[in-house]
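As numbered in mature numbering (1 follows the signal peptide of the UniProt record, and there is no 0), residues -21 to -1, 1 to 180 make up the sequence shown, in order. We treat Cβ as the ideally placed atom computed from N, Cα and C, and that holds for glycine. Computed from a predicted structure; not experimentally measured. Notes to accompany the following structure.
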Amino acid sequence: MLLAAALALTASTAGMTGASALSPTLSSPAPSPDSSPGTSPDTSPGPGGAPIGPGCSALESSLPNIADQTAGSALSEVPDLSSLDEAVQEANLADRLDQAEEITIFAPDNKAFEAIPQDARDQLMGDNEELTRVLTYHVVEGKKTPADLQEEGTLTSLEGGELTVKGSGEDLTVNDAKVVCGNIQTQNATIYVIDKVLMPE
């Protein structure tokens, strides 16, 4: 009750689901990234083009470091996603994200987590089942381009709940969260950094 009330007061920040919801998508390991010395990461734009969004310039220095990394590992390379990375590690989801074939992650930035009252945040981090539910609510199957998001409009998360995408170009929203920088490519995922934590119903 305390967690739900506190999150409601902070404009519906929030969530992802359990390991069972991940299993259909994350069962087949993705190829291991090539870590041989002297190999330069592929920083060319993905199939959907270059990253888009008003906050991409702040992330620019991190993006070349994640193009050849799998999703779980990539999160740890982006300073603005350190709170999300901590939550993923706490829920033991990093390996499952790494093994996913193709996914899209709506990744709340550090400010999104800071907007949750400390007591509610501590309670969430201490409840592995609820934390997993919240985190998987931010993940959908397939690597979605901005055009895909606009065309589909409504997406089903791995948690099972629906996400609603509106807008176009650099003005995209997911539920009530704004996309800060999207279409960021990793080896097996497309990442959209958002400014709120999304909560499943």
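When only Cα atoms are considered, Asp74 and Glu149 end up about 31 Å apart. Here the stretch 157 to 167 makes contact with the stretch 43 to 51; the two share three or more CB pairs at distances below 8 Å. Note on Gly28: under 16 other CB atoms within 10 angstroms of its CB, so exposed under the neighbour-count rule. One thing to note: Asp88 has its Cβ within 8 Å of the Cβ of Val172. For Asn162, no alpha helix (DSSP H) run applies; the uninterrupted beta strand (DSSP E) run containing it begins and ends at 156 to 164, by DSSP. The Cβ atoms of Lys90 and Asp174 lie closer than 8 Å to each other.
Around the beta carbon of Asp59, 16 or more other beta carbons lie within 10 angstroms, which makes this residue buried.
With respect to Leu110, Ala70 sits close: the two C-beta atoms are nearer than 8 Å. Taken through DSSP and simplified to helix, strand or coil, Thr49 comes out as coil. When rounded, the separation of the alpha-carbon atoms in Thr115 and Val67 is 10 Å. Closest option to Arg112, judged by alpha-carbon separation, among Ser41, Pro125, Gly51, Glu180: Glu180.
DSSP places Glu65 in the uninterrupted alpha helix (DSSP H) bounded by 61 to 69. Beta-bridge pairing by DSSP links Tyr171 to Phe85. Per DSSP, reduced to three states, the secondary structure at Lys90 is helical. In the DSSP assignment, Val113 falls within the unbroken alpha helix (DSSP H) covering 107 to 115.
Only residues of its own chain outside the window of five on either side were considered, and among them Ile45, Thr165 have a CB closer than 6 Å to the CB of Ala53, listed in chain order.
According to DSSP, Ile31 shares a beta bridge with Gly161. Rounded to whole angstroms, Glu93 and Gly105 show a C-alpha spacing of 16 Å. Within its own chain, the residues whose Cβ lies closer than 6 Å to the Cβ of Lys157, once the five positions on either side in sequence are excluded, are Asp174, listed in chain order. Taking a 10 Å sphere around the C-beta of Thr169, we find 16 or more other C-beta atoms and assign the residue as buried.
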